[in-house]
Amino acid sequence: MEGSVAKAPPASLEAICNKVASYYPEAKQDLIHKAYHFADEAHRGQVRSSGEPYMIHPTEVAQTLADLKLDIPSIVTGLLHDTVEDTHATLEQIEKEFGKDIAELVDGVTKLSKMTFKTTEEKQAENFRKMILAMAKDIRVILVKLSDRLNNMRTLEFLNPLKQKVIAQETLDIYAPIANRLGIRGIKMELEDLCLRYLHKEFYYKLAQRIAKTKKEREKYLEDLGAVLDEKLSEYDIQATVTGRAKHFYSIFKKMERRKVDFDQVHDTIAFRIVVDNITECYKALGVIHAGYKPVPGRFKDYIAMPKANAYQSLHTTVIGPNGERVEIQIRTQDMNIVAERGIAAHWKYKEGRFDTRARENVEWVNRLLEWHKDLSDPNEFLETVKIDLFAEDVFVFTPKGEVKQLSHGATPLDFAYAVHTGVGNKCVGAKVNDKIVPLKYRLKSGDSVEIITSPSQTPSKDWLKIVKSSRAKAKIRSYIKQQERDRALELGREILETTLKSFGLSLSKLEKSGEIEKACPRANARTQEELYVAVGYGRISTDLVIQELVPEEAREKKLEAAKAEDQSFLKRVFNAAKKRSEARNAITVEHLDDVLIRFGKCCNPLPGDGIIGFITRGRGVSVHTATCTKAIDNDQERRVDVQWNLTSNDAIKRHVKIRVLSLDEPGLLALMSQTITSCGINIASANIRTTKDKKAIALFDVEVSNISQLQKVTSALEGKKGVINVERIQS
Ligand code: MN
14 MEGSVAKAPP
24 ASLEAICNKV
34 ASYYPEAKQD
44 LIHKAYHFAD
54 EAHRGQVRSS
64 GEPYMIHPTE
74 VAQTLADLKL
84 DIPSIVTGLL
94 HDTVEDTHAT
104 LEQIEKEFGK
114 DIAELVDGVT
124 KLSKMTFKTT
134 EEKQAENFRK
144 MILAMAKDIR
154 VILVKLSDRL
164 NNMRTLEFLN
174 PLKQKVIAQE
184 TLDIYAPIAN
194 RLGIRGIKME
204 LEDLCLRYLH
214 KEFYYKLAQR
224 IAKTKKEREK
234 YLEDLGAVLD
244 EKLSEYDIQA
254 TVTGRAKHFY
264 SIFKKMERRK
274 VDFDQVHDTI
284 AFRIVVDNIT
294 ECYKALGVIH
304 AGYKPVPGRF
314 KDYIAMPKAN
324 AYQSLHTTVI
334 GPNGERVEIQ
344 IRTQDMNIVA
354 ERGIAAHWKY
364 KEGRFDTRAR
374 ENVEWVNRLL
384 EWHKDLSDPN
394 EFLETVKIDL
404 FAEDVFVFTP
414 KGEVKQLSHG
424 ATPLDFAYAV
434 HTGVGNKCVG
444 AKVNDKIVPL
454 KYRLKSGDSV
464 EIITSPSQTP
474 SKDWLKIVKS
484 SRAKAKIRSY
494 IKQQERDRAL
504 ELGREILETT
514 LKSFGLSLSK
524 LEKSGEIEKA
534 CPRANARTQE
544 ELYVAVGYGR
554 ISTDLVIQEL
564 VPEEAREKKL
574 EAAKAEDQSF
584 LKRVFNAAKK
594 RSEARNAITV
604 EHLDDVLIRF
614 GKCCNPLPGD
624 GIIGFITRGR
634 GVSVHTATCT
644 KAIDNDQERR
654 VDVQWNLTSN
664 DAIKRHVKIR
674 VLSLDEPGLL
684 ALMSQTITSC
694 GINIASANIR
704 TTKDKKAIAL
714 FDVEVSNISQ
724 LQKVTSALEG
734 KKGVINVERI
744 QS
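Numbering (this note's numbering), first residue to last: 14 to 745.
As structure tokens, then:
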């Protein structure tokens with residue numbers, strides 16, 4: 014393997030078929046023939062930049078796929094991969110001629126080919142790589158794309174220098190790392206060397222020249238040292254194949270960059286590979302080498318015990334050679350060597366002539382990685398590999414500037430807006446996807462270009478919580494709403510205090526100025542004046558308590574006396590109201606608010622189990638109505654809050670409900686009805702009956718029930734009684 018940019022042998026249909034037959038003798042090759050002729054027909058008349066017939070390109074791509082020993086659909090896709098994009102052939106035609114599986118593969122490759130990635134920073138490059146992996150869904154699409162890119166890079170010399178640089182940079186940033194991640198070292202190294210040739214021309218040709226100049230010398234050296242190693246190994250009965258080669262250019266380039274050394278200071282450009290029968294022999298061979306040559310400290314790596322994230326296994330060491338030079342040595346088994354060449358493809362199992370992407374063994378590939386990398390020192394490296402599978406769920410979309418954002422499955426334009434910036438999310442009024450206006454609940458697909466339309470007057474709404482998918486967007490919307498509600502409570506609280514204080518002849522703004530208002534803070538558990546207003550606004554603290562702190566006792570007494578005179582049962586009422594409030598507070602949860610005073614609307618008297626809505630009232634917490642209550646619908650919708658029954662504490666509360674029973678006017682019926690109600694475990698607070706002219710009776714019961722199901726139970730029990738015509742719950 015001299016250098017690593019050796020020219021590939023000319024590709025042909027025959028060569029492909031022979032290769033496939035060598036690793037898969039029973040394969041039916043008709044489909045390969047058919048695809049070849051289909052593509053040849055479609056591309057007829059087209060030429061490449063080199064002036065050669067276009068068909069050479071797909072043929073070479075298919076040949077590379079056969080080198081990787083891929084399945085027949087992959088090879089057929091290699092032949093067809095440019096037909097949909099570059100010829101009159103359609104996807105429907107391909108599906109009709111070659112089946113759904115192949116049509117999907119061709120479609121996948123076509124979609125990837127339509128994208129260009131301009132990388133500006135490493136993080137973006139990583140996102141692009143993830144995007145490609147996620148979009149491909151089927152790993153074969155990526156293998157075809159890599160082979161396509163390899164062939165394009167091999168023939169890059171025919172393009173203009175600007176295009177050469179753009180394509181080479183994209184390849185280096187995106188495709189070579191993907192090849193590496195999938196463990197396909199052959200393609201990875203060739204891509205890197207080709208990139209070097211176009212991105213660092215001078216370096217590349219200087220190195221190539223130097224290697225060419227010392228070719229004879231080096232070949233002799235490789236041969237001599239190879240023979241010595243061979244001999245030493247057989248002394249210890251180790252069966253081994255020893256091969257020597259120049260290291261790939263890009264790794265030398267990287268090493269020089271890393272160590273900041275000059276060309277002449279790079280000596281270890283030569284590597285030996287020793288392939289043995291089993292793992293024990295690997296370590297035995299290592300012992301023999303280290304006994305014969307002094308190892309360079311810190312250069313031994315055991316990728317057998319600790320495989321690389323892409324499943325690569327081998328022992329690596331560097332020793333001081335016979336002339337004082339550094340020699341890199343890799344030791345591995347035949348199986349490991351196959352994995353090193355073919356990566357992910359080497360792990361795959363065939364099923365009826367094709368890779369079974371769902372086969373247990375193929376799923377196990379990922380599981381095995383999990384097992385191996387339990388104690389890997391760099392967890393990120395491992396994750397990146399496994400994510401190939403996990404990414405399939407994610408959505409990757411473009412910003413108008415061509416950056417990629419990674420969102421979770423089902424994400425909407427709103428999620429995207431919040432991923433860009435909270436300010437963009439809060440002001441979002443609409444979105445354009447691929448230049449078309451879409452609804453906010455549109456589900457984004459990988460590859461979409463998204464542009465957010467904003468308006469300065471927009472604010473987030475509660476309904477958005479039902480649209481967004483990401484927890485980030487949800488949290489941002491919630492915090493906005495919470496802040497807004499707090500602002501409202503603050504305003505309201507201040508207003509209430511102002512009015513109340515006025516009735517005692519005091520001015521709030523004067524108390525604010527003198528700082529006296531602060532006196533009430535400890536009572537409300539508030540640290541600041543603002544917090545005090547918020548507490549009053551939410552109804553967390555009653556104004557009475559605040560007044561106690563701010564209004565002289567004398568003035569309060571006076572007012573209390575007046576109130577007492579006005580209504581003797583004043584205290585009792587206050588006491589009852591307080592008791593009811595604390596019962597209600599336990600029964601209801603208000604969204605985004607804790608510890609709020611709750612009152613039930615007298616108009617509709619909701620029962621646990623009823624659909625309910627809440628309204629923030631002036632200084633009296635939240636009032637709760639049934640969802641259908643007409644009074645509630647008339648209420649100020651601005652003040653509306655979401656409320657829910659707190660079902661665990663339902664039992665603690667008893668609610669008065671009126672029911673009306675229409676029956677025949679028969680003796681003993683009232684007693685029967687009362688008995689029925691009591692037997693349901695329900696207390697009757699009062700009962701009233703009157704008869705009508707047409708010999709019917711209307712009974713009104715005031716009963717105490719805990720929840721709607723208890724009410725339903727008693728209703729149907731009553732309806733089951735002979736003589737009862739109908740039973741109704743009376744609201745308001
Ligand atoms: Mn192509």
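Backbone N, C-alpha and C fix where the C-beta goes; we use that ideal spot for every residue, glycine too. Since the model is a prediction, treat every value here as computed from it, not as a measurement.
Could you check if residue i belongs to the surroundings of ligand 1, using beta carbon to heavy atom distance under 7 Å?
i: H56; result: no
Considering just the uninterrupted stretch of the beta strand (DSSP E) at residue i, what are its terminal residues?
i: H638; result: 635-639
i: D715; result: 709-718
i: L675; result: 668-677
i: N739; result: 737-743
i: H50; result: Note, H50: premise wrong, no beta strand (DSSP E); alpha helix (DSSP H) at 43-55.
i: S699; result: 696-704
i: V451; result: 449-451
i: I85; result: Where I85 is concerned, there is no enclosing beta strand (DSSP E), although the alpha helix (DSSP H) it sits in stretches over 85-93.
For residue i, report the span of its alpha helix (DSSP H) as first-last.
i: V33; result: 26-36
i: K109; result: 104-111
i: A358; result: Here A358 belongs to no alpha helix (DSSP H), and DSSP marks it neither H nor E.
i: G239; result: 228-248
i: R553; result: No alpha helix (DSSP H) contains R553, which DSSP labels as neither H nor E.
i: I530; result: Premise fails: I530 is in no alpha helix (DSSP H) and is neither H nor E.
i: I191; result: 189-194
i: I480; result: 477-480
i: V274; result: Element bounds for V274: n/a, residue is neither H nor E.
i: Q725; result: 721-732
i: V564; result: Segment: none, V564 is in no alpha helix (DSSP H) and carries neither H nor E.
Taking the alpha carbon of residue i as the point to measure from, which residue in the options has its own alpha carbon closest?
i: L563; options: I530, G91, K449; result: I530
i: L44; options: R57, R61, Q59, L92; result: L92
i: K449; options: K495, I465, E54; result: I465
i: K201; options: G121, H303, G356, A225; result: G356
i: V437; options: A486, A424, K458; result: A486
i: V89; options: Y36, T254, T72, D655; result: T72
i: N164; options: I85, S62, T254, K228; result: S62
i: V547; options: S520, E574, K495, A225; result: K495
i: H50; options: T77, E110, G64, E65; result: E110
i: K706; options: D678, L731, L713, A700; result: D678
i: F313; options: G305, I672, S327; result: S327
i: Y551; options: Q561, L610, P621; result: L610
i: L26; options: H56, G64, A79, Y36; result: A79
i: A284; options: R339, I317, L299, D250; result: R339
i: T331; options: Y306, I351, K127, L519; result: Y306
i: I743; options: S474, A537, T467, C616; result: C616
i: D623; options: H638, G681, R499, K214; result: H638
i: A358; options: S636, N193, K479; result: N193
What residues are listed by DSSP as bridge partners for residue i?
i: D647; result: In the DSSP output, where bridge partners are listed per residue, D647 has none listed.
i: L328; result: D315, I344
i: G443; result: I466
i: T256; result: R286
i: P308; result: V332
i: R612; result: S636
i: D80; result: None; D80 has no bridge partner.
i: L420; result: V408
i: G627; result: V637, V654
i: V60; result: P66
i: R339; result: I333
Check your understanding: Which residues, in chain order, sit with a beta-carbon under 6 Å away from any heavy atom of ligand 1?
Key -> With 6 Å as the limit, the residues whose C-beta approaches any heavy atom of ligand 1 more closely are H70, H94, D95, D161, in sequence along the chain.
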